[in-house]
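*Asks:* First the structure, which I've put down as structure tokens, then a few questions once you've had a look.
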Amino acid sequence: MKGPTLGGIRSVVKKEFREIRRDSRSLGFMIFLPAFLLLMFGFALTLDVKHIALAVVDGDGSQASRELVDQFSTTEYFDLKAVLPMTTAIDPLMAREDIGAALVIPPRFAEDLLAGRSPSVQVLLDGSNAMTGATAGGYIAAILQTYSQKITLETLARRGLGGLAAPVAAEVRVWYNPELRSSNFLIPGLIAFILMVIVTISTASSIVREKERGTMDQLRISSLGSPDLIIGKMIPYALISLGSAHLVLLLSQVLFGVGIKGSYPLLLLAMVLFVCGALGQGLFISSITRTQQVAFLLALLTSMLPTFILSGFIFPVRNMPAVVQAITYFVPARYFLAALRAIVLKDAGLAAVWPQILFLAAFALLALGGSAARMGRGEKEPRPRRGRARA
Amino acid sequence: MPANAVEVKSLSKRFGAFTAVDAVSFSVEKGEIFGFLGANGAGKSTTIRMLCALLDPTSGTASVGGFDIRREPEKVKRSIGYMSQRFSLYDDLTVAENIRFFGGAYGLNRGTVASRLPWVLEMAGLRGREGSLARTLSVGWKQRLALGCAVLHEPGIVFLDEPTGGVDPASRRRFWELINGLSEQGMTIFVTTHYLDEAEYCNDIRLIHAGRIVAGGSPTELKTAAIRHPILEVACDRPVEALEILQKEPWVVDTSIFGLSLHVGVGEEAEGRRLLADRLGRAGIAVRRVDRIMPSLEDVFIHEIETNAAPGPAAAGEAKP
Numbered sequence: 001m002k003g004p005t006l007g008g009i010r011s012v013v014k015k016e017f018r019e020i021r022r023d024s025r026s027l028g029f030m031i032f033l034p035a036f037l038l039l040m041f042g043f044a045l046t047l048d049v050k051h052i053a054l055a056v057v058d059g060d061g062s063q064a065s066r067e068l069v070d071q072f073s074t075t076e077y078f079d080l081k082a083v084l085p086m087t088t089a090i091d092p093l094m095a096r097e098d099i100g101a102a103l104v105i106p107p108r109f110a111e112d113l114l115a116g117r118s119p120s121v122q123v124l125l126d127g128s129n130a131m132t133g134a135t136a137g138g139y140i141a142a143i144l145q146t147y148s149q150k151i152t153l154e155t156l157a158r159r160g161l162g163g164l165a166a167p168v169a170a171e172v173r174v175w176y177n178p179e180l181r182s183s184n185f186l187i188p189g190l191i192a193f194i195l196m197v198i199v200t201i202s203t204a205s206s207i208v209r210e211k212e213r214g215t216m217d218q219l220r221i222s223s224l225g226s227p228d229l230i231i232g233k234m235i236p237y238a239l240i241s242l243g244s245a246h247l248v249l250l251l252s253q254v255l256f257g258v259g260i261k262g263s264y265p266l267l268l269l270a271m272v273l274f275v276c277g278a279l280g281q282g283l284f285i286s287s288i289t290r291t292q293q294v295a296f297l298l299a300l301l302t303s304m305l306p307t308f309i310l311s312g313f314i315f316p317v318r319n320m321p322a323v324v325q326a327i328t329y330f331v332p333a334r335y336f337l338a339a340l341r342a343i344v345l346k347d348a349g350l351a352a353v354w355p356q357i358l359f360l361a362a363f364a365l366l367a368l369g370g371s372a373a374r375m376g377r378g379e380k381e382p383r384p385r386r387g388r389a390r391a
Numbered sequence: 001m002p003a004n005a006v007e008v009k010s011l012s013k014r015f016g017a018f019t020a021v022d023a024v025s026f027s028v029e030k031g032e033i034f035g036f037l038g039a040n041g042a043g044k045s046t047t048i049r050m051l052c053a054l055l056d057p058t059s060g061t062a063s064v065g066g067f068d069i070r071r072e073p074e075k076v077k078r079s080i081g082y083m084s085q086r087f088s089l090y091d092d093l094t095v096a097e098n099i100r101f102f103g104g105a106y107g108l109n110r111g112t113v114a115s116r117l118p119w120v121l122e123m124a125g126l127r128g129r130e131g132s133l134a135r136t137l138s139v140g141w142k143q144r145l146a147l148g149c150a151v152l153h154e155p156g157i158v159f160l161d162e163p164t165g166g167v168d169p170a171s172r173r174r175f176w177e178l179i180n181g182l183s184e185q186g187m188t189i190f191v192t193t194h195y196l197d198e199a200e201y202c203n204d205i206r207l208i209h210a211g212r213i214v215a216g217g218s219p220t221e222l223k224t225a226a227i228r229h230p231i232l233e234v235a236c237d238r239p240v241e242a243l244e245i246l247q248k249e250p251w252v253v254d255t256s257i258f259g260l261s262l263h264v265g266v267g268e269e270a271e272g273r274r275l276l277a278d279r280l281g282r283a284g285i286a287v288r289r290v291d292r293i294m295p296s297l298e299d300v301f302i303h304e305i306e307t308n309a310a311p312g313p314a315a316a317g318e319a320k321p
């Protein structure tokens, strides 16, 4: 196999840029689709639970019970949707999904409270969506806890034991993502996902297209070697995808307030390595397939599924069965995602993310080297034959 | 440099159980136009791809421009030009950009490309259309541009694989004039075609059928040497029915249908005329005219296939006149 030549690479780069520029669909695919996906996913994909429709059955009707209801309706997590006369009215409303939670205050709630007996409050939750159900349950428990603590202290104060405080107060403080907004958690994953899918798919067709058109044979006769072709095809796609990655970062900051806390050069390094790996994967697929359709499907499957499911984008890797966890070690997006979250959210330095960077570099080398080797071997490959119609 | 531009000895290519090229041997003299004739699927493209070092042969040897295709594939590639039947150009590049890209790909420097560019434009008749995208060109233009790109680096030998497929007759004629011009400049031309009339432009021809060479020589040699028996052109009613009847007669050497008339090879002219009139008369088919004709290459081709090879799937009748 011949080594790369500067003139050869320059010819291929120029040609690829011209072809991409004149094919407005592929250009739009690479530049605007990522931004569009960010908007779609960014707004739709949220794990936050807010504005849960709440129904109340107030069997007491006292000032104390109304105060308890206010504790709920004044937060942004619950919207008071209905005040119902009896518990049997809850079921039809919840079945229609008009309400997601119901609070049932028993009769003599205030009386029991004053007498120092602990009244029980019933909470009904729509558990058909386990995730929102569990989150809503957590909120309700927290609100009730705060409320009962307040009542206890008030009661003690009335008995002349004012100035007492609860012995242990847990003061939870959340680092890196203080508002616990899921967008902060999801956006870096989204960037990884978008880059991986777009880059792999757009490069997957680049070599196989030349085979379909017959220009590949022309190039094999020429003095261009496989490294010239691989490097020459890689450079334009790498530059365009990095540009598109920056557009996504900018939009994340402007629309979702996810700013880059850490070092930009480190972030750029991680992105360049990740993009090179994805390019290598796309080019490799392109060098082993014979039609653009097959290349497209293969690129879609091998980029989308692992990045979506096995990278920790949405589902934490530590919750997966051991076998699946083992597989995730081979998913480059997993490392990129970890590095991205660390750099963007935690201001982590090279000391913290070097293992990820190292893996990304290794994957990029492997993928690019593999496709160059496959191309070199492809020069001697027998020609695909579909029947005997043409020889 | 050896005297022959291409030297092929017992070259074979098998794809699984299918033998695409079966022990072919021939040589191509420097500067000549060498025609490789056969129906689709006969093994023409496979042979060309082996000679261009794009495909490894299963057995046999060949040298191109003095270089062995197995041991020195890179040197073979450096000394040839290749144009496939698909006129492989980049549709999204302009005429001039295509020429410049291929120039760069062949390792020519800017100066050389700049000096060859007007030559290609002139040759292809594309002067003034340098800025048009290749996708907007008609087939004839694409064909000439593809030829220009294939000989941009002035190779000693150029391989043209079905260069005239799907091209209108006027453009085909013009293309062959270009080929003649290149040949006069000393370039060796190796061309495949299934248009038998195009073979008349070649200095030397090989007929290939089902992977085997069935006849060879110059067009004149082929016509006189291969067919020694008289050929009668018969104009009659219901030619298809007449063909079926005559094929069963023992005194008929070979038959084929040409438009509305039949070509019938017979052992001896006078006897043939008599038997023919008699047999078709009995079948109630009116014979309007019978002429003795000079055999065409098509007659030669059909005769060679019927006598040399078992009837293959690629019938000679597929070959378009």
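So the protein lines, in turn, are chains A and B.
Under this note's numbering, the first residue of the first sequence carries the number 1, and numbering increases by one thereafter.
Under this note's numbering, the first residue of the second sequence carries the number 1, and numbering increases by one thereafter.
Backbone N, C-alpha and C fix where the C-beta goes; we use that ideal spot for every residue, glycine too.
Would A42(B) and H209(B) qualify as a contact pair, given that the criterion is a beta-carbon distance under 9 Å?
*Replies:* Yes, these two residues count as a Cβ contact at 9 Å.
*Asks:* Are G140(B) and R86(B) close, meaning C-beta to C-beta below 9 Å?
*Replies:* The answer is no: Cβ separation not under 9 Å.
*Asks:* Among F109(A), V123(A) and L273(A), which has the Cα closest to the Cα of R117(A)?
*Replies:* It is F109(A).
*Asks:* Using a Cβ-Cβ cut-off of less than 9 Å, give me the residues of the segment 6-24 of chain A that come near chain B, in sequence order.
*Replies:* Answer set for the segment 6-24 of chain A: G7, G8, R10, S11, V12, K14, K15, R18, E19, I20, R21, R22 and D23.
*Asks:* Beta-carbon of D98(A) versus every beta-carbon of chain B: anything under 9 Å?
*Replies:* No, no contact with chain B.
*Asks:* For a test of the three-state rule: what should DSSP assign to K346(A), helix, strand or coil?
*Replies:* Helix at K346(A).
*Asks:* On a CA-only basis, which of A96(B), I189(B) and T307(B) is nearest E122(B)? Give me that one, please.
*Replies:* Closest by alpha carbon: A96(B).
*Asks:* What separation, rounded to the nearest whole angstrom, lies between the Cα atoms of G148(B) and K223(B)?
*Replies:* Cα-Cα distance, rounded: 33 Å.
*Asks:* In the segment 151-190 of chain B, which residue ranges form an unbroken beta strand (DSSP E) of at least 3 residues, counting only runs that do not cross its ends?
*Replies:* Fully enclosed beta strand (DSSP E) runs of 3 or longer: 157-161.
*Asks:* Between which two residues does the beta strand (DSSP E) holding M83(B) run?
*Replies:* Segment I80 to M83, the beta strand (DSSP E) holding M83(B).
*Asks:* Using a cut-off of 8 Å between C-beta atoms, extract the partners of F101(B) located in chain A.
*Replies:* Under the 8 Å cutoff, chain A gives S11, K14 and K15.
*Asks:* Are any of the Cβ atoms in chain A nearer than 9 Å to that of P321(B)?
*Replies:* Low confidence applies to P321(B): its pLDDT is 37, below 50, so where it sits in the model is not reliable enough to give any reading.
*Asks:* Note down, in chain order, all residues in the segment 77-89 of chain B with a beta-carbon under 9 Å from any beta-carbon belonging to chain A.
*Replies:* So the close ones are K77, R78, I80, G81, Y82, M83, S84, Q85, R86, F87, S88 and L89.
*Asks:* How many angstroms separate the CA atom of L62(A) from the CA atom of V69(A)?
*Replies:* The identity of residue 62(A) in the sequence shown is Ser, whereas the question assumes Leu. Near 11 Å, if we compare the C-alpha coordinates of V69(A) and S62(A).
*Asks:* So with Cβ pairs under 9 Å, would you call R212(B) a contact of chain A?
*Replies:* Judged by the 9 Å Cβ criterion, R212(B) is not in contact with chain A.
*Asks:* What first and last residue would you give for the beta strand (DSSP E) that runs through N98(B)?
*Replies:* Premise fails: N98(B) lies in the alpha helix (DSSP H), V95 to A105, not in any beta strand (DSSP E).
*Asks:* I'd like to know if Y106(B) contacts chain A, where contact means its C-beta is closer than 9 Å to some C-beta of that chain.
*Replies:* Answer yes: the Cβ-Cβ gap between Y106(B) and chain A drops below 9 Å somewhere.
*Asks:* Less than 9 Å separating the beta-carbons of A278(A) and V199(A)?
*Replies:* Contact flag set, yes.
*Asks:* Could you tell me which whole beta strand (DSSP E) segments of length 3 or greater appear in the segment 2-68 of chain A?
*Replies:* DSSP runs (the beta strand (DSSP E)) wholly in the segment 2-68 of chain A: 52-58.
*Asks:* S244(A) lies in the alpha helix (DSSP H); which residues open and close that run?
*Replies:* First-last of the alpha helix (DSSP H) with S244(A): S226 to F256.
*Asks:* So within the segment 243-275 of chain B, which uninterrupted alpha helix (DSSP H) runs reach at least 4 residues, ignoring any that extend past its ends?
*Replies:* List check, alpha helix (DSSP H) in window: nothing returned.
*Asks:* What does a CB cutoff of less than 7 Å around A133(A) pick up in its chain, not counting 5 residues either side in sequence?
*Replies:* The displayed chain sequence assigns Gly, not Ala, to residue 133(A). Closer than 7 Å at the Cβ level, and outside the excluded window around G133(A), lie L125, D126 and G127.
*Asks:* Using a beta-carbon distance below 9 Å, is A150(B) in contact with chain A?
*Replies:* So, interface residue.
*Asks:* Have a look at the DSSP bridge pairing and note the partners of E7(B).
*Replies:* In the DSSP output, where bridge partners are listed per residue, E7(B) has S27(B) and S63(B).
*Asks:* Return the chain-ordered list of same chain residues with a C-beta closer than 7 Å to the C-beta of M30(A), the five sequence neighbours on each side being excluded.
*Replies:* Closer than 7 Å at the Cβ level, and outside the excluded window around M30(A), lie I198, S202, I240, S241 and S244.
*Asks:* Please confirm if A372(A) has its CB atom under 9 Å from at least one CB of chain B.
*Replies:* Chain B, which has no Cβ nearer than 9 Å to the Cβ of A372(A), makes this no.
*Asks:* Quick check on DSSP: helix, strand or coil for K261(A)?
*Replies:* Three-state result, K261(A): coil.
*Asks:* Please confirm if D197(B) has its CB atom under 9 Å from at least one CB of chain A.
*Replies:* No - not a single Cβ of chain A is within 9 Å of the one on D197(B).
*Asks:* Closer than 9 Å, CB to CB, is E299(B) near chain A or not?
*Replies:* The amino acid at residue 299(B) is misidentified as Glu; the sequence shows Asp. False, the Cβ-Cβ gap to chain A never drops below 9 Å.
*Asks:* Give the DSSP-derived three-state secondary structure of E304(B) in the structure shown.
*Replies:* DSSP places E304(B) in helix when its eight states are reduced to three.
*Asks:* Look at the alpha carbon of Y189(B) and the alpha carbon of S84(B), and state the distance between them as a whole number of angstroms.
*Replies:* Here residue 189(B) turns out to be Ile, not Tyr, going by the sequence shown. Approximately 14 Å, taken between the alpha carbons.
*Asks:* Counting beta carbon pairs with one atom in the segment 211-219 of chain B and one in the segment 296-308 of chain B, are three or more of them shorter than 8 Å?
*Replies:* Counting Cβ pairs under 8 Å, three or more are found: they touch.
*Asks:* Answer with buried or exposed for Y264(A), where buried requires no fewer than 16 other C-beta atoms within 10 angstroms of its C-beta.
*Replies:* So Y264(A) counts as exposed.
*Asks:* Would you call the segment 47-58 of chain B and the segment 123-134 of chain B in contact, with 3 or more CB pairs under 8 Å?
*Replies:* Touching, no, given that fewer than three Cβ pairs across the two stretches are closer than 8 Å.
*Asks:* Is the beta carbon of A62(B) closer than 9 Å to that of D68(B)?
*Replies:* Result yes, Cβ atoms of D68(B) and A62(B) sit closer than 9 Å.
*Asks:* Can you give the Cα-Cα distance for L275(B) and Q247(B), rounded to whole angstroms?
*Replies:* Each residue's alpha carbon lies about 13 Å from the other.
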